[in-house]
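Since the structure comes first, as C-alpha cells, the remarks are kept for the end.
Residue numbers (full-length UniProt numbering): 1 to 185.
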C-alpha cells in the first residue's frame, strides 16, 4: 500500500509545523522530513522530534518519515493536500509520485484558513556586527504573554525559523543573560 511521505512544513495533530532540516532531496519540489527532524510543539510546550518508524528509505543516514509517524511528544504527522507517496513495504520504493489527498480536502472544507507567518531573528554583536551563536532566546506573544518558542541561535546568530499564526509585529524576542544561572529547558 502506498503511504504518504512526510514533507517540509507538514502539520501535526497537536497544531505544530515541522520544517525539513535537509535541503538536498525532494520530489516535485517537496523536501522530505527525516527521523530526528523536529519542532516546538504548541500543545505540549516542548521540542519534539520525529521518531524513526522504519528502515525502508534512508537519506543521509536517516529514515524518511511517513504521514502518521509519531513525534517524541506523542503528536502524529498529518497528511498534506500536495504530498509524495511511496511503497511502505520496502521492496518497490523507487516508484514515487505526487497525488492529491482527498481525505484532507474533506477535512479542510468549512475550516477557515489562517495566515501562517514565518518569523526569524538575527542576534548581532553591536561592536563587531557579527551574529552571536548559541545565544539563548525566547519568543513570546505580545497579546497573551505566553511563551511561543525557546532555543539557541545557530552559528550565524539566527533563531530557528518559527512558523505560526502570529505576525512578526505581535511577538517579542527576549534574550537570556547567560551570566546568571538558568532554569532547565
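Idealized CB from N, CA, C, for every residue including glycine.
Residues sharing a beta bridge with residue i, DSSP
i          : result
residue 63 : 58
residue 11 : 17
residue 76 : 70
residue 38 : 49
CA-to-CA distance, residue j to residue i, given in whole angstroms
i           : j           : result
residue 3   : residue 55  : 14 Å
residue 60  : residue 50  : 16 Å
residue 234 : residue 42  : What is shown of the chain runs 1 to 185, which leaves residue 234 out entirely.
residue 57  : residue 143 : 43 Å
residue 35  : residue 124 : 32 Å
residue 122 : residue 181 : 24 Å
residue 128 : residue 184 : 30 Å
residue 53  : residue 65  : 7 Å
residue 18  : residue 38  : 6 Å
residue 136 : residue 29  : 33 Å
residue 168 : residue 70  : 30 Å
As assigned by DSSP and simplified to three states, the class of residue i
i           : result
residue 138 : strand
residue 146 : coil
residue 115 : coil
residue 169 : helix
residue 159 : coil
residue 164 : strand
residue 44  : coil
residue 175 : strand
Cβ neighbours of residue i in the same chain (closer than 7 Å, five flanking residues each side left out)
i           : result
residue 140 : 146, 147, 148, 171, 172, 174
residue 72  : 48, 49, 51
residue 62  : 34, 35, 36
residue 46  : 73
Own chain residues within Cβ distance below 6 Å of residue i, not counting five before or after
i          : result
residue 20 : 8, 31, 33
residue 95 : For residue 95, the predicted structure reports a pLDDT of 35, less than 50, and the residue's modelled location is therefore unreliable. A value from the coordinates is still provided. Counting only Cβ-Cβ distances below 6 Å, and skipping sequence neighbours, we find nothing.
Same chain only: Cβ atoms within 8 Å of residue i, ignoring 5 sequence neighbours per side
i          : result
residue 23 : 31
residue 75 : 12, 13, 14, 16, 41, 43, 44, 48
Proximity below 8 Å, CB of residue i to CB of residue j
i           : j           : result
residue 6   : residue 67  : yes
residue 116 : residue 163 : yes
residue 153 : residue 134 : yes
residue 138 : residue 150 : yes
residue 10  : residue 118 : no
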